[in-house]
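*Asks:* Residue numbers (my numbering), protein chains in the order written: chain A, 28 to 181; chain B, 28 to 181; chain C, 28 to 181; chain D, 28 to 181; chain E, 28 to 181.
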Amino acid sequence: MRKYGIADTTFSRVDMGKIAYKIIRDEDDEAEIIRYTVPGIKDLPVAAKRLIDEGCDGVITLGWVGKTMLDKYSYLATSIGLIIVQILTSKHVIDVTIHEDEADSEEKLKEIAIDRTSKHARNLVKLVKEGKNALTKYAGKGLRQGFRDAGEID
Amino acid sequence: MRKYGIADTTFSRVDMGKIAYKIIRDEDDEAEIIRYTVPGIKDLPVAAKRLIDEGCDGVITLGWVGKTMLDKYSYLATSIGLIIVQILTSKHVIDVTIHEDEADSEEKLKEIAIDRTSKHARNLVKLVKEGKNALTKYAGKGLRQGFRDAGEID
Amino acid sequence: MRKYGIADTTFSRVDMGKIAYKIIRDEDDEAEIIRYTVPGIKDLPVAAKRLIDEGCDGVITLGWVGKTMLDKYSYLATSIGLIIVQILTSKHVIDVTIHEDEADSEEKLKEIAIDRTSKHARNLVKLVKEGKNALTKYAGKGLRQGFRDAGEID
Amino acid sequence: MRKYGIADTTFSRVDMGKIAYKIIRDEDDEAEIIRYTVPGIKDLPVAAKRLIDEGCDGVITLGWVGKTMLDKYSYLATSIGLIIVQILTSKHVIDVTIHEDEADSEEKLKEIAIDRTSKHARNLVKLVKEGKNALTKYAGKGLRQGFRDAGEID
Amino acid sequence: MRKYGIADTTFSRVDMGKIAYKIIRDEDDEAEIIRYTVPGIKDLPVAAKRLIDEGCDGVITLGWVGKTMLDKYSYLATSIGLIIVQILTSKHVIDVTIHEDEADSEEKLKEIAIDRTSKHARNLVKLVKEGKNALTKYAGKGLRQGFRDAGEID
Numbered sequence: 028m029r030k031y032g033i034a035d036t037t038f039s040r041v042d043m044g045k046i047a048y049k050i051i052r053d054e055d056d057e058a059e060i061i062r063y064t065v066p067g068i069k070d071l072p073v074a075a076k077r078l079i080d081e082g083c084d085g086v087i088t089l090g091w092v093g094k095t096m097l098d099k100y101s102y103l104a105t106s107i108g109l110i111i112v113q114i115l116t117s118k119h120v121i122d123v124t125i126h127e128d129e130a131d132s133e134e135k136l137k138e139i140a141i142d143r144t145s146k147h148a149r150n151l152v153k154l155v156k157e158g159k160n161a162l163t164k165y166a167g168k169g170l171r172q173g174f175r176d177a178g179e180i181d
Numbered sequence: 028m029r030k031y032g033i034a035d036t037t038f039s040r041v042d043m044g045k046i047a048y049k050i051i052r053d054e055d056d057e058a059e060i061i062r063y064t065v066p067g068i069k070d071l072p073v074a075a076k077r078l079i080d081e082g083c084d085g086v087i088t089l090g091w092v093g094k095t096m097l098d099k100y101s102y103l104a105t106s107i108g109l110i111i112v113q114i115l116t117s118k119h120v121i122d123v124t125i126h127e128d129e130a131d132s133e134e135k136l137k138e139i140a141i142d143r144t145s146k147h148a149r150n151l152v153k154l155v156k157e158g159k160n161a162l163t164k165y166a167g168k169g170l171r172q173g174f175r176d177a178g179e180i181d
Numbered sequence: 028m029r030k031y032g033i034a035d036t037t038f039s040r041v042d043m044g045k046i047a048y049k050i051i052r053d054e055d056d057e058a059e060i061i062r063y064t065v066p067g068i069k070d071l072p073v074a075a076k077r078l079i080d081e082g083c084d085g086v087i088t089l090g091w092v093g094k095t096m097l098d099k100y101s102y103l104a105t106s107i108g109l110i111i112v113q114i115l116t117s118k119h120v121i122d123v124t125i126h127e128d129e130a131d132s133e134e135k136l137k138e139i140a141i142d143r144t145s146k147h148a149r150n151l152v153k154l155v156k157e158g159k160n161a162l163t164k165y166a167g168k169g170l171r172q173g174f175r176d177a178g179e180i181d
Numbered sequence: 028m029r030k031y032g033i034a035d036t037t038f039s040r041v042d043m044g045k046i047a048y049k050i051i052r053d054e055d056d057e058a059e060i061i062r063y064t065v066p067g068i069k070d071l072p073v074a075a076k077r078l079i080d081e082g083c084d085g086v087i088t089l090g091w092v093g094k095t096m097l098d099k100y101s102y103l104a105t106s107i108g109l110i111i112v113q114i115l116t117s118k119h120v121i122d123v124t125i126h127e128d129e130a131d132s133e134e135k136l137k138e139i140a141i142d143r144t145s146k147h148a149r150n151l152v153k154l155v156k157e158g159k160n161a162l163t164k165y166a167g168k169g170l171r172q173g174f175r176d177a178g179e180i181d
Numbered sequence: 028m029r030k031y032g033i034a035d036t037t038f039s040r041v042d043m044g045k046i047a048y049k050i051i052r053d054e055d056d057e058a059e060i061i062r063y064t065v066p067g068i069k070d071l072p073v074a075a076k077r078l079i080d081e082g083c084d085g086v087i088t089l090g091w092v093g094k095t096m097l098d099k100y101s102y103l104a105t106s107i108g109l110i111i112v113q114i115l116t117s118k119h120v121i122d123v124t125i126h127e128d129e130a131d132s133e134e135k136l137k138e139i140a141i142d143r144t145s146k147h148a149r150n151l152v153k154l155v156k157e158g159k160n161a162l163t164k165y166a167g168k169g170l171r172q173g174f175r176d177a178g179e180i181d
């Protein structure tokens, strides 16, 4: 049976874990889904690692990042960590990150969070269920998560 | 028996190790708590690693960072290191960092240090004692350490 | 039989995977070529790792990066990840990256993408087929991908 | 018998290796001390690793960094490397770094180099000889190396 | 028999590999020297790793870096990679990097490239042939590669 992991944070201002759960359940109704909540983004790599240790075939992490330079350095360290987890385990960890300075209003920020989480949860299921060519028909199509697709050039 | 590690520094201007010890003792009175003091933040990853080598189920690190760009680079290197320790051991290392430029007065800085250390020490105990869903009821709630909670959007 | 991997993204606005496939096929018509499509650049290191796990002798990754500082941090994290994959596997992962701010027009951007992908696909085949001295005659020649060669000094 | 490693560079403008040697010898007169000299800071992580491979219980590295942004990037890469050495070996590598832009005069820079090297050489011996609580009485005391102690807040 | 590796690029505008070869041959006329040419700096870590896999006792890498911020990020990622190769293999990889913005004229840039390559090729041979104290007499002497030595303070 397929097993998905969701790692989210108490720092986030939107309950993206709930959204991801719903989407994954809709897309793969027989799968097992395990959720893991940590304080902040820098705790996400170990959460992803532990979820994979428990047998998850793929993980989605749901990070929320503040506006300062230090928050961005934390984002960078976390991104490197999430990539290392994937390299060491050969499993996908799809990384959803919301930056507080991406939008001018809280309303818009929430919209972005919902859209990005939903689309990437679907991406994760596709990759886990169907494998390396599940997304190939969209290759080079300029897909975006949280915003409108940019589209293919030409 | 649960075993917690506390790694702190002589660079810090607040004895956060003592605060973390008290909180962890209050929250888990049967646990063993081991403290490890190093000169500065860049020594924290190996201290955390050695605490885990000794059997700690989780570690809290207590860093204090200066104001210059170089201090921030050291913060970045340390953050990457702490994340790698966690990935290689599959244990939580909750990272408390105080930046000297977070507040205008020493008094305020100390308040932040106490609040952040206390809250994250509680987070560590929750994760170690109760596991991956201990914090799920706070997921997306905009919790903050050192400052007032930002709260959930809406 | 030689085996090449192509990892591309749905974020990209040009279907560089198709271009890389054609070039590799032209340059090494007996080889097996495996394509792997992921959402964005941060997913490329694990895709490369999985392609190597499947037996690829070398991989080309085809990334597309936005204009913001955060996109550049993602580029940095990805670059570190791709290098780690190579170090751990001792296989080449030739990294093609297109930055949206490299050109003023979409047309020019597409030209760069085609040129860079084509040249690096050829580089990959040369390294995989002929090994460490396949490119030595061009050493120090100031070759560029995406732009005109800079040439050797003097 | 305890074994200490000293890794220094030919780039440095002060012979910090000699200073570190003298201090370690004074603090632990029975110990074996091994010195390793490399060209610049980016060579320090492998020197530290090789010293630990030879049986060193702890290492002090003595780096000197120029003023440009690129020098600072080299500092960052080196810092990450030194932390990884420590994580992989579970041994302390105390990192002394002098930045050429820390002081306005050569005289002052030399003073900083001597002070920082001396204090950290003592820190290393304390950690190696007495272990994780050797420095705990100074935890949170705002100790500084190269400059006057900042002191504890309050 | 000693074995040296040289990793260079087609991006470089000076054939530094040839210079390094000549110097290493002059300094150690019985040694085996293996050359590996890759497209750009981000390919150097795996080239160094593969050279060490083939039995090289030490490697010199010869990188050439453009002027943009992105080039500098590539430099940072490469530097981290080269340090990781060294840590994992315990072998020296002496890193020669030329930055296009180091000099105002091509002529000067070439001079820097020749000087830096030559001096570091000698450093590599010294470290490989004579070991950890081969350079100790120059410790703290402010040696520079590509520029005039800064000299020891005082």
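Even for Gly, the Cβ is constructed at its ideal location relative to N, Cα and C.
Is the Cβ of L136(D) closer than 9 Å to any Cβ of chain E?
*Replies:* yes
*Asks:* If we cut at 9 Å on Cβ distances, does V120(D) have a partner in chain B?
*Replies:* yes
*Asks:* Counting only the same chain and skipping the five closest in sequence on each side, list residues whose C-beta sits under 6 Å from that of R62(B).
*Replies:* I33, G44
*Asks:* Three or more C-beta pairs closer than 8 Å, one from the region 41-61 of chain A and one from the region 77-91 of chain A: is that the case here?
*Replies:* In short, these stretches touch, since the Cβ pair count reaches three.
*Asks:* If contact is defined by three or more beta carbon pairs under 8 Å, each pair taking one atom from either stretch, is the region 65-76 of chain A in contact with the region 99-116 of chain B?
*Replies:* yes
*Asks:* Determine whether the Cβ of E129(D) lies closer than 9 Å to any Cβ atom of chain E.
*Replies:* no
*Asks:* By the DSSP assignment, the beta strand (DSSP E) with K94(A) in it spans what residues?
*Replies:* No beta strand (DSSP E) holds K94(A); DSSP gives it neither H nor E.
*Asks:* Can you pull the chain C residues whose beta carbon is under 8 Å from the beta carbon of I107(E), in chain order?
*Replies:* I107, I110
*Asks:* Does the beta-carbon distance from E138(E) to D181(C) come in below 9 Å?
*Replies:* Judged by their CB atoms, E138(E) and D181(C) are not nearer to each other than the 9 Å cut-off.
*Asks:* Nearest CA to the CA of G169(C): which residue from Y31(E), R40(E), R29(E), D35(E)?
*Replies:* G169(C) has its Cα closest to that of R40(E), out of Y31(E), R40(E), R29(E), D35(E).
*Asks:* Please classify A74(A): does DSSP put it in a helix, a strand, or coil?
*Replies:* A74(A): helix per DSSP, three-state reduction.
*Asks:* Quick one: is R143(A) buried, meaning 16 or more other Cβ sit within 10 Å of its Cβ, or exposed?
*Replies:* buried
*Asks:* From G173(B), D98(B), K153(B), pick the residue whose C-alpha is nearest to that of R52(B); which is it?
*Replies:* Distance check between R52(B) and each of G173(B), D98(B), K153(B) places K153(B) closest, using alpha-carbon atoms only.
*Asks:* So T144(D) contacts chain B; which residues on that side make the cut at Cβ distance below 7 Å?
*Replies:* The premise fails here: T144(D) is roughly 13 Å from chain B at the closest Cβ pair, so nothing lies under 7 Å.
*Asks:* How should D35(A) be labelled, buried or exposed, when 16 other C-beta atoms within 10 angstroms of its C-beta is the threshold for buried?
*Replies:* buried
*Asks:* Does chain A have any CB closer than 9 Å to the CB of R171(B)?
*Replies:* yes
*Asks:* Starting from K69(A), find everything on chain B with Cβ-Cβ shorter than 8 Å and list it in chain order.
*Replies:* S106, L109, I110, D122
*Asks:* Apart from the five residues just before and just after P66(C), which ones in its own chain have a Cβ nearer than 8 Å to its Cβ?
*Replies:* Counting only residues of its own chain and dropping the five nearest sequence neighbours on each side, P66(C) has a CB closer than 8 Å to the CB of T36, T37, F38.
*Asks:* Thinking just about the alpha-carbon of each residue, which of H126(A), I114(A), K159(A), I60(A) is nearest to the one in N160(B)?
*Replies:* I60(A)
*Asks:* Would E54(E) count as contacting chain D if we go by Cβ distances under 9 Å?
*Replies:* no
*Asks:* Enumerate, from N- to C-terminal direction, the unbroken alpha helix (DSSP H) stretches of 4 or more residues contained entirely within the region 91-162 of chain D.
*Replies:* 96-116, 133-157
*Asks:* Hey, quick one: how far does the beta strand (DSSP E) through D35(B) stretch, first residue to last?
*Replies:* Unbroken beta strand (DSSP E) run through D35(B): 30-36.
*Asks:* Check whether the region 120-136 of chain D and the region 114-125 of chain E are in contact - that is, three or more C-beta pairs closer than 8 Å.
*Replies:* no
*Asks:* Judging by CA-CA distance, which residue of I121(B), T116(B), K156(B), F174(B) is the nearest neighbour of I141(B)?
*Replies:* Considering only alpha carbons, the answer is F174(B).
*Asks:* So which residues on chain A does T64(C) lean against when the C-beta distance must stay under 8 Å?
*Replies:* Simply K159, N160, A161, L162, T163, Y165, A166.
*Asks:* Kindly list, in the order they appear in chain G, the residues whose Cβ is closer than 9 Å to that of V86(E).
*Replies:* Looking at the structure shown, chain G is missing, and the protein chains on hand are A, B, C, D and E.
*Asks:* So which residues of chain A does L103(B) contact, with C-beta pairs closer than 8 Å?
*Replies:* Y100, L103, A104
*Asks:* By DSSP, does G44(E) sit in helix, in strand, or in coil?
*Replies:* helix
*Asks:* What do you reckon, are the CB atoms on I79(E) and K76(D) nearer than 9 Å?
*Replies:* Remark: C-beta atoms of I79(E) and K76(D) do not approach each other more closely than 9 Å.
*Asks:* Which residues, in chain order, does the region 41-53 of chain C contribute to contact with chain E at a C-beta distance below 8 Å?
*Replies:* none
*Asks:* With DSSP collapsed to three states, give me the class of I57(B).
*Replies:* Residue identity check: residue 57(B) is Glu in the sequence provided, not Ile. E57(B): coil per DSSP, three-state reduction.
*Asks:* Measuring alpha carbon to alpha carbon, tell me which residue in T163(D), A58(D), R149(D) is nearest G82(D).
*Replies:* A58(D)
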